[in-house]
Structures are given as C-alpha cells and as structure tokens.
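Here is the structure we will look at, set down as structure tokens.
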Amino acid sequence: MHENEHELKYKPYVYVWIALVILTWITVAVAEIDFGIITVFVALLIAAFKSSLVFAWFMHLKEESGTIKWMVATLFVVFAIFIGFTFTDFP
C-alpha cells in the first residue's frame, strides 16, 4: 500500500448501517403510534437524524472543512423552514 492511500475501515460503516436499520424500525413503530399533531414532527426528526448519519459517514462530511459543514447546516434549516410552511395549511 502506498503512503498516500488511506486504509478503509469497514467497522464504522457497519455500525452506521445498523443504526440506520434500527432508526428505520423506530420510524415504522412511531407511524403506528398516534402522537396526535406531533406524529409528523417526530417522523421528520428521525428522518433528519438518519440523513445526518448518511451525510457524516457515507458522504464523508465529518472530514470536511467548517465552511462545508455550515453550508449543509444552512441547507437543513432552509429545508426545515419550507417543510414548516407546508404545515401552515394543515387542519
């Protein structure tokens, strides 16, 4: 192996995959429980956490500079605002 090549470690990716599977099970369980008006919020919160795991580990965002992290965080906030706007018309 050359000095410039980095060794790919599979263990963290397996742990993240297991966490994603568990969070998917939790999402399905939450969909079956009636939380009233916050049911959708809970499901979106779990989905946001799952997407942050994918961004951090599988897209290697955890190794990026602070500017890229701020851009992605801003994207999350803007997306959350637009999703929130869709619920203003919800009865």
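Residue numbers (the working numbering): 2 to 92.
Note that CB positions come from ideal geometry on N, CA and C, so glycine has one too.
Rounded to whole angstroms, the separation of the alpha carbons of Ala20 and Trp58 is 12 Å.
In this chain, the alpha helix (DSSP H) harbouring Met72 covers 67-87.
The Cβ atoms of Lys51 and Leu24 lie closer than 7 Å to each other. The Cβ atoms of Val17 and Leu54 lie closer than 7 Å to each other. Of the residues Tyr14, Val43, Ile38, the one whose Cα lies closest to the Cα of Val29 is Val43.
One Cα belongs to Thr89, the other to Gly37, and the distance between them is close to 16 Å. Put simply, of Leu62, Phe83, Val15 the residue whose alpha carbon is nearest the alpha carbon of Val73 is Leu62.
Under the DSSP assignment, Trp18 falls in the alpha helix (DSSP H) whose first and last residues are 12-33.
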